[in-house]
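One structure is given below, encoded as structure tokens.
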Amino acid sequence: MKKTQTKQISAGLAAATCALLGNSAQAAPAADDGWKFDSAVLYYSEQDRVTAVEPVIQGQRTFKDDSELKLKLTVDSLTGASHNGAITSDKPQTFTSPSGNETYTTNPGEVPLDDSFHDTRTAANVQYTRPINRLWRWTAGLNFSNEYDFTSLGLNAGVMRDFNDKNSTLTFALSHEADTIDPVGGVPVGLSIQSDQQKTDGSEDRSVDDVLVGLTQVINRRWIMQLNYNLSVTDGYNTDPYKVVTVVDANGDPLEAEALGGTNIGPGDGQVFELRPDSRTKHALYWENRYHFSRDVLAVGYRFMTDDWGINSHTLDVKYRIPFGQTWYVQPHVRWYQQSEADFYRESITQAELATTKEVSADYRLGKLTDMTYGVKLAKQWQSGQELSFRVESFQQSGDSDAADLDAVIAQVGYTFYW
């Protein structure tokens, strides 16, 4: 069964895809040098859960007038089992499939997983940048993404201004994204009993508007710094239509749907569909420093995010590039991520709480999380600008719930060439 918003299935996949085209340390092609292509294939596998394969290719060309065109194509293929939001219980639990046509049961002590998860996403991006004069540039782009139950169309535009002998660059950019969510089986009524399958036909919409203000500063001949502020405002359908919340008794055991006035489909079937706020405002601050030693390069990035859902997050990312021989380099990588839980996050709720709750979600991605990623990249470069790279990483996540604890392996092969 298909799932909405494939790109958000886990923090691990998000972290992996952020670094998918990891060859950006190489210079952009000079004017009329033809096309530069960055290509890669990513493999991501969570233990006993989701497996993803993601090929991506990006073409970049700089023309005689110093304008630049970037084209990018990404394909995601995902299969496996996805947590449905319910608690881990010492009693069996029964759930309906996303379509509502079938039921499945989890055994006592098992994390409730929907093993019908599979999806394919295709995404395309176009970005064009052109000088206005010696100090000003403008940029504009389009992006499109499509899944079985999710379609997104976005556009962006921005301006860049160089000053201080081009050692400083100010950036201002805007973007708008229009999403359409068309869940399998219909759109569930939030907080309704899952076994009753109260759903509406049609699709739901969401808009995402972003503002970016950034400064890039050359500190000296070895050190460059970047500082960005991002404001993101989301309006519309933010709920995951495939996630449920378990309603429990005083002992913390799942109730039966009949006790809630719902339809009986099996033991432990007392779950309701989640419901999230229809708006979200996020503020993010990102600071990156790159320092070039005599040969080595150190990159350290830090990101802080806060939103009106009550989530605060911190991300620290460190890469250290070490050349060896004449054409090889190795790059260790460490990434740490931590977030607080959303105000409406609950692992489960009681029947009394359900009667007064306006919004609730048991999605562990909205709970307290700590992630660690360790890895290394090995690459071979040629004078022609070609590069062949291999990257292997280990991802570990922990949180308040059993569902949040997972391990994953990330592997990537990348190839850069000119044509």
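Going by mature numbering (1 follows the signal peptide of the UniProt record, and there is no 0), the letters in the sequence shown line up with residues -27 to -1, 1 to 392, in that order.
Using N, Cα and C, we set each Cβ at its ideal position, and we do this for glycine too.
When DSSP labels each residue in this structure, what does residue i get in the three-state scheme?
{"i": "Asp375", "result": "helix"}
{"i": "Tyr337", "result": "helix"}
{"i": "Asp183", "result": "strand"}
{"i": "Ser50", "result": "strand"}
{"i": "Gly(-6)", "result": "Below a pLDDT of 50, predicted positions are generally treated as unreliable, and Gly(-6), at 40, falls in that range; no measurement from the model is reported."}
{"i": "Ala315", "result": "coil"}
{"i": "Ala223", "result": "coil"}
{"i": "Glu360", "result": "strand"}
{"i": "residue 397", "result": "The structure shown does not extend to residue 397, since the chain is modelled only from -27 to 392, so the question has no answer here."}
{"i": "Ala25", "result": "strand"}
{"i": "Gln100", "result": "strand"}
{"i": "Glu326", "result": "helix"}
{"i": "Leu228", "result": "coil"}
{"i": "Ser321", "result": "strand"}
{"i": "residue 436", "result": "Past the boundaries of the shown model lies residue 436; the chain is included only from -27 to 392, so the question cannot be answered."}
{"i": "Asn119", "result": "strand"}
{"i": "Thr61", "result": "coil"}
{"i": "Thr212", "result": "coil"}
Using beta-carbon positions only, say whether residue i and residue j come within less than 7 angstroms of one another.
{"i": "Asp152", "j": "Arg179", "result": "yes"}
{"i": "Asp169", "j": "Gly235", "result": "yes"}
{"i": "Phe368", "j": "Leu351", "result": "no"}
{"i": "Lys255", "j": "Gly58", "result": "no"}
{"i": "Ser378", "j": "Thr61", "result": "It should be noted that the sequence gives Asp, not Ser, for residue 378. No, the pair does not count as a contact, with Cβ atoms beyond the cut-off."}
{"i": "Tyr210", "j": "Val186", "result": "no"}
{"i": "Ala257", "j": "Ile284", "result": "no"}
{"i": "Phe90", "j": "Ser55", "result": "yes"}
{"i": "Trp196", "j": "Tyr101", "result": "no"}
{"i": "Glu120", "j": "Asp92", "result": "yes"}
{"i": "Pro305", "j": "Val245", "result": "no"}
{"i": "Val184", "j": "Leu164", "result": "no"}
{"i": "Leu327", "j": "Val220", "result": "yes"}
{"i": "Gln324", "j": "Asp344", "result": "no"}
{"i": "Leu339", "j": "Tyr310", "result": "no"}
{"i": "Tyr391", "j": "Gly358", "result": "yes"}
{"i": "Leu175", "j": "Glu150", "result": "The sequence given here has Gly at residue 175, not Leu. No, the pair does not count as a contact, with Cβ atoms beyond the cut-off."}
{"i": "Phe117", "j": "Gly131", "result": "no"}
{"i": "Gly243", "j": "Ala230", "result": "yes"}
Identify every residue that forms a DSSP beta bridge with residue i.
{"i": "Glu280", "result": "In the sequence on display, residue 280 carries Asp and not Glu. Its beta-bridge partners are Lys255."}
{"i": "Ile383", "result": "Tyr17, Glu366"}
{"i": "Arg34", "result": "Trp8, Leu42"}
{"i": "Arg134", "result": "Trp109, Leu143"}
{"i": "Glu150", "result": "Gly127, Val181"}
{"i": "Asn201", "result": "Gly187, Tyr259"}
{"i": "Asn193", "result": "Answer is none; Asn193 lacks a bridge partner."}
{"i": "Arg268", "result": "In DSSP, Arg268 forms no bridge with anything."}
{"i": "Asp87", "result": "Ser55"}
{"i": "Tyr302", "result": "Pro296, Ala352"}
{"i": "Arg249", "result": "DSSP lists no partner for Arg249."}
{"i": "Leu233", "result": "Answer is none; Leu233 lacks a bridge partner."}
{"i": "Trp309", "result": "Leu289, Met345"}
{"i": "Thr93", "result": "Ser50"}
{"i": "Thr173", "result": "Val160"}
{"i": "Ser274", "result": "Note on residue identity: the sequence assigns Gly, not Ser, to residue 274. DSSP output for Gly274 lists Glu261, Asp290 as bridge partner(s)."}
{"i": "residue 400", "result": "Nothing about residue 400 can be read from this structure; the chain reaches only from -27 to 392."}
{"i": "Gly114", "result": "Gln100, Asn129"}
Since residue i and residue j are thought to touch, with beta carbons under 8 angstroms apart, how far apart are those beta carbons, to the nearest angstrom?
{"i": "Asp122", "j": "Val157", "result": "6 angstroms"}
{"i": "Val99", "j": "Gly82", "result": "Not really, about 49 angstroms apart at Cβ, beyond 8 angstroms."}
{"i": "Tyr293", "j": "Gly274", "result": "Wrong, their Cβ atoms sit about 13 angstroms apart, outside the cutoff."}
{"i": "Leu233", "j": "Ile166", "result": "6 angstroms"}
{"i": "Glu177", "j": "Val162", "result": "With 8 angstroms as the limit, Glu177 and Val162 do not qualify as a contact, their Cβ atoms being about 12 angstroms apart."}
{"i": "Ala381", "j": "Tyr17", "result": "6 angstroms"}
{"i": "Glu27", "j": "Thr47", "result": "7 angstroms"}
{"i": "Leu51", "j": "Val29", "result": "Not a contact, Cβ separation roughly 14 angstroms."}
{"i": "Gln385", "j": "Lys341", "result": "That pair is no contact at about 29 angstroms."}
{"i": "Ile295", "j": "Val307", "result": "Actually they are not in contact, since the Cβ atoms of Ile295 and Val307 sit about 14 angstroms apart, beyond 8 angstroms."}
Checklist line | Validate contact between the region 246 to 258 and the region 324 to 338 using beta carbons, cut 8 angstroms, 3 pairs | finding: yes
Note to self: Count Cβ pairs between the region 32 to 50 and the region 8 to 24 that sit closer than 8 angstroms; are there 3 or more?
What the structure shows: yes
Notebook entry, point to check: Does the count of Cβ pairs from the region 94 to 112 and the region 56 to 71 closer than 8 angstroms reach three?
Noted result: no
Item checked: the region 261 to 277 in contact with the region 88 to 99 per 3-pair CB rule at 8 angstroms -> no
Check: Per the contact definition of three or more C-beta pairs closer than 8 angstroms, is the region 186 to 195 in contact with the region 38 to 56?
Finding: no
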